[in-house]
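Participant: Residue numbers (my numbering): -6 to 446.
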């Protein structure tokens, strides 16, 4: 799991809680300009001395490393072992994200009603069991595409509730003034995992096969469960706003939707991210098939491409706050979301030669853009949202932005099966690049900062 909302793939896979009822000032968007220097945000800062944050950080770092294995191993199982078609690979990708449009808003209400840490523990345990079934079925020669679809659905449901809880839990674990530092540390860890994980995944797949390699991810979820259970800082009990009358489940859900669409900054960022995810998943639905069957690359080489590309993600995460401070928040969001689409142009060019260098370059560029965009937009959303609706805000936004992922995967699979792999790749690049339009028309397009909601 990462804190990413925008999946600038390939090379980058898919980063806010209840306070006591006493009045606590929100961190204004202007405070984002007083964010720590990019080097201090990662290598310095007081969160290094916060043992409870370190538990969360360490557990999620290991979990993210394991997830990089499944990212490559599950579609490789489908393509190389089960000989899946482009459409079947698209369906598999869609299953992982179908839960967000189906359950995202519901998850937001429950996350604001229940203890978020225990939701996260339950989700990690469920995903561990689902992924563990893959090598077991393979050992008995019973592994099928329908089982992979079910595994994708179960892990998707777990990811929905975990991610909404995760983003909503962070501001209750650390001070709001430390959000950029915390998000930077989490994003950098994700980038390091993206750098080392795919190479590890490629090596494991080469050594033990793609099905057995999934054991690594199942084990990483177990580590995450233990690290979350180890956190001792009390989580404030969920409470409605002072003086607020009891509300129904549906009215709480509606409040979250109304908050997002009533805040121009948030819904236009959601529109940009949704468009980018739609395009990137049209492309990624056929990317591995293109790499394996057209470019004739091995899983080990693909792992190296993904891992080396994540070096760009690490650089992007370290420089995200520095870039925003020097060129402004709006220009940073626009340039990074645009770069994520334009970098993918190198992928279809790889068919003419120099495939590995071109895929490496595409992966580095898109992986650099991803955390630059995510750190700034996630921190901004967290900062301008009242604590009592953090879960519902995150759920509503993620319903929108991750809801386009299964749609993109299915569109990519259909185009790839009907018209060929290259048309799907080109269409995905065009759609992803158009995501910058939302930033241009939005209130974050210039240097000015919106006021807190």
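The C-beta atom is built at its ideal place from N, Cα and C for all residues, glycine as well.
Treat the numbers as computed from the prediction; the structure is a model and nothing was measured.
Per the contact definition of three or more C-beta pairs closer than 8 Å, is the region 79 to 91 in contact with the region 395 to 407?
Facilitator: Verdict: yes, contact present.
Participant: Does the Cβ of residue 431 have 16 or more other Cβ atoms within 10 Å, making it buried, or fewer, making it exposed?
Facilitator: Residue 431 comes out buried.
Participant: Is it buried or exposed, residue 327, if we count other Cβ atoms within 10 angstroms and call 16 or more buried?
Facilitator: Buried: at least 16 other Cβ atoms inside 10 Å.
Participant: Cα separation between residue 435 and residue 383?
Facilitator: Near 22 Å, if we compare the C-alpha coordinates of residue 383 and residue 435.
Participant: Rounded to whole angstroms, what's the CA-CA distance from residue 248 to residue 297? Just pull it up for me.
Facilitator: Taking the straight line joining both Cα atoms gives about 45 Å.
Participant: Which residue wins for smallest C-alpha separation from residue 313, given the options 192, 97, 181?
Facilitator: The residue with the shortest Cα to Cα distance from residue 313 is 181.
Participant: Okay, do the region 188 to 195 and the region 163 to 177 touch, 3+ Cβ pairs below 8 Å being the bar?
Facilitator: Short answer: they don't touch.
Participant: Among 113, 139, 131, 168, whose alpha-carbon lies nearest the alpha-carbon of residue 375?
Facilitator: The candidate whose alpha carbon is nearest that of residue 375 is 168.
Participant: What is the C-beta distance between residue 299 and residue 65, in whole angstroms, given that I count them as a contact (C-beta under 8 Å)?
Facilitator: Going by Cβ atoms, the distance from residue 299 to residue 65 rounds to 7 Å, so yes, they are a contact pair.
Participant: Using a Cβ-Cβ cut-off of 6 Å (strictly less than) and excluding sequence neighbours within five positions of residue 264, which residues of its own chain qualify?
Facilitator: Same-chain partners within the cutoff: 431.
Participant: Using CA coordinates, which residue listed in 106, 147, 104 is at the minimum distance from residue 125?
Facilitator: Closest by alpha carbon: 147.
Participant: Please report the residue range of the alpha helix (DSSP H) in which residue 61 lies.
Facilitator: 44 to 69 is the span of the alpha helix (DSSP H), which, as asked, contains residue 61.
Participant: Just the Cα atoms here: how many angstroms apart are residue 410 and residue 80?
Facilitator: In a straight line, the C-alpha of residue 410 is about 6 Å away from that of residue 80.
Participant: Which class does residue 353 belong to by DSSP, given the choice of helix, strand or coil?
Facilitator: Three-state result, residue 353: helix.
Participant: Consult DSSP for residue 139 and reduce its assignment to one of helix, strand or coil.
Facilitator: It is helical.
Participant: Give every residue of the same chain whose Cβ lies closer than 6 Å to the Cβ of residue 413, excluding the five residues on either side of it in the sequence, and list them in chain order.
Facilitator: Excluding sequence neighbours, residue 413 sits near nothing in its chain.
Participant: Check this for me: beta carbons of residue 59 and residue 387, under 8 Å apart or not?
Facilitator: Contact flag unset, no.
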